[in-house]
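Notes to accompany the following structure.
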Amino acid sequence: MDFSPNTAAILYWSTLFASVFSAAAGVIDARQKKFDLFGVMIIAFCAALGGGTLRDVILDRPVFWIGDPSYLVITWVGALLTFWVARRIELEARWFEIPDAIALALYTIAGTQAALMVGTNWLVASFMGVITGVAGGILRDILLNEEPLVFKGPFYATASWAGSMLYAVLWHKVDANAAVISTLLLVFMVRISAIKWNLMLPR
Amino acid sequence: MDFSPNTAAILYWSTLFASVFSAAAGVIDARQKKFDLFGVMIIAFCAALGGGTLRDVILDRPVFWIGDPSYLVITWVGALLTFWVARRIELEARWFEIPDAIALALYTIAGTQAALMVGTNWLVASFMGVITGVAGGILRDILLNEEPLVFKGPFYATASWAGSMLYAVLWHKVDANAAVISTLLLVFMVRISAIKWNLMLPR
Amino acid sequence: MDFSPNTAAILYWSTLFASVFSAAAGVIDARQKKFDLFGVMIIAFCAALGGGTLRDVILDRPVFWIGDPSYLVITWVGALLTFWVARRIELEARWFEIPDAIALALYTIAGTQAALMVGTNWLVASFMGVITGVAGGILRDILLNEEPLVFKGPFYATASWAGSMLYAVLWHKVDANAAVISTLLLVFMVRISAIKWNLMLPR
Numbered sequence: 108m109d110f111s112p113n114t115a116a117i118l119y120w121s122t123l124f125a126s127v128f129s130a131a132a133g134v135i136d137a138r139q140k141k142f143d144l145f146g147v148m149i150i151a152f153c154a155a156l157g158g159g160t161l162r163d164v165i166l167d168r169p170v171f172w173i174g175d176p177s178y179l180v181i182t183w184v185g186a187l188l189t190f191w192v193a194r195r196i197e198l199e200a201r202w203f204e205i206p207d208a209i210a211l212a213l214y215t216i217a218g219t220q221a222a223l224m225v226g227t228n229w230l231v232a233s234f235m236g237v238i239t240g241v242a243g244g245i246l247r248d249i250l251l252n253e254e255p256l257v258f259k260g261p262f263y264a265t266a267s268w269a270g271s272m273l274y275a276v277l278w279h280k281v282d283a284n285a286a287v288i289s290t291l292l293l294v295f296m297v298r299i300s301a302i303k304w305n306l307m308l309p310r
Numbered sequence: 108m109d110f111s112p113n114t115a116a117i118l119y120w121s122t123l124f125a126s127v128f129s130a131a132a133g134v135i136d137a138r139q140k141k142f143d144l145f146g147v148m149i150i151a152f153c154a155a156l157g158g159g160t161l162r163d164v165i166l167d168r169p170v171f172w173i174g175d176p177s178y179l180v181i182t183w184v185g186a187l188l189t190f191w192v193a194r195r196i197e198l199e200a201r202w203f204e205i206p207d208a209i210a211l212a213l214y215t216i217a218g219t220q221a222a223l224m225v226g227t228n229w230l231v232a233s234f235m236g237v238i239t240g241v242a243g244g245i246l247r248d249i250l251l252n253e254e255p256l257v258f259k260g261p262f263y264a265t266a267s268w269a270g271s272m273l274y275a276v277l278w279h280k281v282d283a284n285a286a287v288i289s290t291l292l293l294v295f296m297v298r299i300s301a302i303k304w305n306l307m308l309p310r
Numbered sequence: 108m109d110f111s112p113n114t115a116a117i118l119y120w121s122t123l124f125a126s127v128f129s130a131a132a133g134v135i136d137a138r139q140k141k142f143d144l145f146g147v148m149i150i151a152f153c154a155a156l157g158g159g160t161l162r163d164v165i166l167d168r169p170v171f172w173i174g175d176p177s178y179l180v181i182t183w184v185g186a187l188l189t190f191w192v193a194r195r196i197e198l199e200a201r202w203f204e205i206p207d208a209i210a211l212a213l214y215t216i217a218g219t220q221a222a223l224m225v226g227t228n229w230l231v232a233s234f235m236g237v238i239t240g241v242a243g244g245i246l247r248d249i250l251l252n253e254e255p256l257v258f259k260g261p262f263y264a265t266a267s268w269a270g271s272m273l274y275a276v277l278w279h280k281v282d283a284n285a286a287v288i289s290t291l292l293l294v295f296m297v298r299i300s301a302i303k304w305n306l307m308l309p310r
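Protein chains in written order, with this note's numbering: chain A, 108 to 310; chain Y, 108 to 310; chain Z, 108 to 310.
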């Protein structure tokens, strides 16, 4: 099953774009800790590219940003811009909720897709999608020495997992473009509804 | 040196079984932090399969649970069961001490074995055994934002290291089955004695 | 571009030597946490060899200490000596500042060099140099459950990044030995000046 060239290009550019928002959200978090400029850039790197790095290392694929420096460039441009803006105006974390939900969906799709192409079982593939989607945020929180929010926040990982399972199931059955769009919508809607009504899993 | 088919099968099944107990012990720890259901499943994954994942990545072998989804299935079944039971009755951490000591021994053997088969030096192999045995617990504690217990607890890593050194020494000298059984006994006895008499290394 | 055999040998031995000081500095930190002997050895391992391990895993090269046990041996000899001495006399962290700055420079060079030899872009290579230089210290602080000092300390990562960029730029242009020496001097001088005058990046 192949993507149409358009879908492949849209996925590439939108994932690159998603890195900017993940990086920005990481900078917002790091700011409260009084990290210096370099610390902020490392946090942004982990938040934006950490999940995909872990995915590629576990799947034994070439790490995606090693061969394409655009990812580092755009992540750091996003981080520096946010750092610069954040010293001038008060950025609120909730402004990033919608782009962050889109980024979560894109990373989830990219991760599940990568695992399926290596030929893993659907359960393993869906878990690799979740790792790609959430490990960046976990890494960021570990570096900030905080309890990872992803374990407590409203349906963050759950949205990712629902999406990656849907994608893994659809992959062999429907058109690739349709699989991408339905997964995007599912992850986005689960995540945004959960934030809006503050849904929680049992503890 | 080869295992008898029986030993190989016993090792496979018992390691799979060991994952249930590591997962369960991880859930017990996560419970006090009020993690949600998904958080608990990630903690269980790290506790049960994190050490072996790190081992395979460092040795540049295919990560063991990528090709065999049984590990993910059994880890999460164990985690969900424990999560369900823990909401009804008070599970005490000490009930897991004996299965946990057995899991430590099995992981240590599997890790040392994997490194020896890649052809590493005995010192490196024994350290890979320790990584496989203890890194899961370290990862779990990092995600829970606690100081890793393994560095302070009674002889946890020491039991693993003693066992992995014994196994690395015995490997080329005696029958594989004998090497497995003596390592199992050594790790188990060191660990259980240390808990019973609260033995500590110098600090 | 090749090193003269002398430079290659000097780099190998000095990096091995650098591991002793990183390990020692890790032990000094771990001591305040009342870790046991084994915990200290794991901390020393992460501090001394963690950055290079991460670099090799990300670049998909064989992990350097797997094939050459000298690294483990010298790291642990350094850790055990420091542990032993630290129980007798009060070691002050600032005695390690100069050897630690040299270690930072050597790790930075080794990391950038490794990435360039795999054929990465200069930006990626310089970032791999920083990872090799600073990830060990970050790992150590994560295991000690502290906020990574590298994000706040005076120009630690900045010194490494300045050096790795210089090295990546010089690599194809000048003699390898000249590249090594100028990078060593740059990292060392930036780091030591920053400590002396307590320079800070904007936060």
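Cβ coordinates follow ideal geometry from the N, Cα and C atoms, glycine included.
Model, not experiment: these values are computed from the prediction.
Query                                                                                                                                                                      : Result
For the segment 209–237 of chain Z, which residues have a beta carbon sitting closer than 7 Å to at least one beta carbon of chain A?                                      : T227, N228, L230, V231, F234
Can you say whether Y/V241 is buried or exposed, counting buried as having 16 or more other CB atoms within 10 angstroms of its CB?                                        : buried
Which first and last residues belong to the alpha helix (DSSP H) in which Z/G218 is found?                                                                                 : 204–225
List the whole-angstrom C-beta distance separating A/W229 from A/V276, where the pair is believed to meet the contact cut-off of C-beta under 8 Å.                         : 7 Å
Could you check which residue in A/I117, A/F124, A/L273 has the C-alpha nearest to that of A/D207?                                                                         : A/F124
Name, please, each residue of chain A whose Cβ falls closer than 8 Å to the Cβ of Y/F203.                                                                                  : Those within 8 Å of Y/F203 in chain A number zero; the least Cβ separation is about 21 Å.
For a minimum of 4 consecutive residues, which ranges assigned as the alpha helix (DSSP H) are wholly contained in the segment 239–293 of chain Y?                         : 263–277
Would the C-beta of Z/A132 count as close to the ligand NAP, meaning under 7 Å from any of its heavy atoms?                                                                : Among the components of this structure there are no ligands whatsoever, and the ligand NAP is therefore not found.
Please check the pair Y/P255 and Z/L250, which I expect to be a contact at CB under 8 Å, by giving their CB distance rounded to whole angstroms.                           : 6 Å
Can you tell me whether A/L187 is helix, strand or coil according to DSSP?                                                                                                 : helix
Going by DSSP in three states, Z/L123 sits in which element: helix, strand or coil?                                                                                        : helix
Based on Cα-Cα distance, which residue from A/A130, A/G270, A/L161, A/I149 lies nearest to Z/W268?                                                                         : A/I149
Apply the 10 Å Cβ neighbour rule to Z/L292 and answer buried if 16 or more other Cβ atoms are within range, or exposed otherwise.                                          : exposed
Under a CB-based cut-off of 8 Å, is Y/P169 close to chain A?                                                                                                               : yes
Can you tell me whether Z/G214 is buried or exposed, with buried defined as 16 or more other CB within 10 angstroms of its CB?                                             : In the sequence on display, residue 214 of chain Z carries Tyr and not Gly. With 16 or more Cβ atoms within 10 Å of its Cβ, Z/Y214 is classed as buried.
Considering only the alpha carbon of each residue, which of A/D175, A/F234, A/A115, A/A186 lies closest to A/L144?                                                         : A/A186
Under a Cβ-count criterion, where at least 16 other Cβ atoms within 10 Å of its own Cβ denotes burial, should Z/A116 be classed as buried or exposed?                      : exposed
How should Y/Q220 be labelled, buried or exposed, when 16 other C-beta atoms within 10 angstroms of its C-beta is the threshold for buried?                                : buried
Taking 8 Å as the threshold (C-beta atoms), are Z/F203 and Z/A132 in contact?                                                                                              : yes
Within the same chain, show all residues whose beta-carbon is closer than 8 Å to that of Y/A210, passing over the 5 residues directly before and after it, in chain order. : A125, S126, F128, S129
Would you verify that the beta carbon of Z/V164 is, or is not, closer than 8 Å to some beta carbon of chain Y?                                                             : yes
Along the chain, where does the alpha helix (DSSP H) containing A/F171 start, and where does it finish?                                                                    : 171–174
When we look at the beta-carbon of Z/A154 and count the other beta-carbons within 10 Å, is it buried (16 or more) or exposed?                                              : buried
What is the DSSP secondary structure of Y/I152, counted as helix, strand or coil?                                                                                          : Looking at the sequence itself, residue 152 of chain Y is Phe, so the reference to Ile does not match. Note: Y/F152 maps to helix in three-state DSSP.
So, with DSSP's three-state summary, where would you put A/I196?                                                                                                           : coil
For Y/D136, which residues in chain A fall below 9 Å Cβ to Cβ?                                                                                                             : Per Cβ cutoff of 9 Å: no residues; Y/D136 is ~12 Å from chain A at best.
Can Y/G236 and Y/S289 be called in contact, C-beta distance under 8 Å?                                                                                                     : no
Using only the alpha-carbon positions, how far apart do Z/R162 and Y/R201 sit?                                                                                             : 39 Å
Work out the CA separation of A/Q139 and A/V257 for me, nearest whole Å.                                                                                                   : 18 Å
Buried or exposed for A/V287, going by 16 or more other Cβ atoms inside 10 Å?                                                                                              : buried
Nearest CA to the CA of Y/T239: which residue from Y/V170, Y/R195, Y/G174?                                                                                                 : Y/V170
Since A/I165 and Y/T227 should fall inside the 8 Å C-beta cutoff, what is the C-beta to C-beta distance between them, to a whole number of angstroms?                      : Rounded, the Cβ-Cβ distance is 21 Å, inconsistent with contact.
With distance defined between alpha-carbon atoms, name the residue in Z/W183, Z/M224, Z/N284, Z/D167 nearest to Z/V147.                                                    : Z/W183
How is A/R168 classed by DSSP in three states: helix, strand or coil?                                                                                                      : coil
Measure the alpha-carbon distance for A/V231 versus A/V294 and round it to whole angstroms.                                                                                : 18 Å
Taking only beta-carbon positions, decide if Y/F258 is within less than 8 Å of chain Z.                                                                                    : yes
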